[in-house]
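Participant: In the numbering used here, the protein residues as written are 526 to 694.
Cβ atoms here follow ideal geometry from the backbone N, Cα and C, with glycine treated the same way.
Since the model is a prediction, treat every value here as computed from it, not as a measurement.
Dumping the structure here so I can ask a few things about it.
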Amino acid sequence: MDRQALDMVAREILGRPLTDDEAAFVANACVAMGLGEGDILVRLLIIYASLMTFLGRTLAAVEASRSPSALLRRHPGMSIGFILSIAALVGGAFAFGRVSVADRSHQDITQTLRWALSPEGERARRLSDSGLLRALDACSIPGWSRQGSDCFPGPDPESGTMRGIRITP
């Protein structure tokens, strides 16, 4: 069956000629099944090809209408509003983050200075300056031993006396 014959039958059934895809499908099916012009199966194949084309176009249109880009193309104000909203959120978050980081840093510095200038901070500074904090941290005072994460005093291996820590006021 040639294309003109298929289009004539399609005009009788569908009121339009076949598309190229439909015609190729029906022609291939006719050759494969050995169908002639007057065969009823040709008419059924034409209807089937038409329905499949219609279904494919409908599904493609539904998918296209569901995509966010199609929605934004139909409503350009929405896309501009969306972009401006995102920009405002990002800018606000950035500004808030900068303010809160600077504020937190200022609070940390203030708190550290208050402690350093307190009597406790002054004692800690004297212990650090004398090297005692480093010796305690390393548990390297003669006779002292580490048990787990704690450092305990013990007798000095050379003199046998207990060594302590002297802190001058």
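Alpha carbon to alpha carbon, how far is residue 676 from residue 613?
Facilitator: Counting from one through the sequence shown, the residue named residue 676 turns up at place 151. Counting from one through the sequence shown, the residue named residue 613 turns up at place 88. Cα-Cα distance, rounded: 56 Å.
Participant: How big is the Cα-Cα spacing for residue 636 and residue 615?
Facilitator: One-based indexing of the sequence shown puts residue 636 at position 111. One-based indexing of the sequence shown puts residue 615 at position 90. Those two C-alpha atoms are separated by around 31 Å.
Participant: With H, G and I counted as helix, E and B as strand and the rest as coil, what does DSSP make of residue 644?
Facilitator: Residue mapping note: residue 644 aligns to position 119 of the sequence shown, counting from 1. Correct three-state label for residue 644: helix.
Participant: For residue 611, count neighbouring Cβ atoms within 10 angstroms of its own Cβ and tell me buried if that reaches 16, exposed if not.
Facilitator: Indexing the sequence shown from 1 puts residue 611 at position 86. Burial call: exposed.
Participant: If you draw a straight line from the alpha carbon of residue 568 to that of residue 579, how long is it in whole angstroms?
Facilitator: To locate residue 568, count along the sequence shown from 1; it is residue 43. To locate residue 579, count along the sequence shown from 1; it is residue 54. Cα to Cα, residue 568 sits roughly 17 Å from residue 579.
Participant: Just the C-alpha distance for residue 561 and residue 550, rounded to the nearest angstrom, thanks.
Facilitator: Along the sequence shown, read from residue 1 onward, the residue named residue 561 stands at position 36. Along the sequence shown, read from residue 1 onward, the residue named residue 550 stands at position 25. Distance between the alpha carbons of residue 561 and residue 550: 15 Å.
Participant: Compare the beta carbon distance of residue 668 and residue 680 with 7 Å and say whether it is the shorter of the two.
Facilitator: Within the sequence shown, numbered from 1, the residue matching residue 668 stands at position 143. Within the sequence shown, numbered from 1, the residue matching residue 680 stands at position 155. Yes, Cβ-Cβ distance for residue 668 and residue 680 is below 7 Å.
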